[in-house]
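Engineer:
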């Protein structure tokens, strides 16, 4: 989870007043200063988060930032001990075509075929 892309997405400056790039630690601090209860961070592959990022997320949670972490299994350490765990079922198949909702999935097998019933090669 690089801090610079998060800062860009949250429209937080990544350079100081001298147009010099902020360090990673300065970026993390700037993100915390500019975030609060209206901020939601969604982190896929939470098992890959480094220790320093997990400790930073503890500070973010303390500042009121809402954090959603996705992982195949709960790592059962540090921030994950404080978070609510929700088990999701795997999707059984892609959605079928629904002409009323404009689904791009047309084939009976869930493929993106534009002609119903024709499977792509």
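Residue numbers (my numbering): -19 to 101.
Built from N, CA and C at the ideal position, the CB exists for glycine as well.
In the DSSP assignment, find the alpha helix (DSSP H) that holds residue 34 and state where it starts and stops.
Structural biologist: Residue numbering aside, residue 34 sits at position 54 when the chain shown is read from its first letter. Here the alpha helix (DSSP H) through residue 34 covers 31 to 42.
Engineer: Measure the C-alpha to C-alpha separation of residue 14 and residue 33 and round it to an integer number of angstroms.
Structural biologist: Reading the chain shown from its first residue, position 34 is the one you call residue 14. Reading the chain shown from its first residue, position 53 is the one you call residue 33. One C-alpha to the other measures close to 17 Å.
Engineer: What residue does the beta strand (DSSP E) around residue 48 start on, and which one ends it?
Structural biologist: Translated into the one-based positions of the chain shown, residue 48 becomes position 68. That run of the beta strand (DSSP E) goes 46 to 49.
Engineer: Pull up the DSSP beta-bridge partners for residue 11, would you.
Structural biologist: What you label residue 11 is simply residue 31 of the chain shown in a count that begins at 1. DSSP lists no partner for residue 11.
Engineer: For residue 41, which of 24, 30, 59, 25 has the nearest alpha-carbon?
Structural biologist: Within the chain shown, numbered from 1, the residue matching residue 41 stands at position 61. Nearest of 24, 30, 59, 25 to residue 41, Cα basis: 59.
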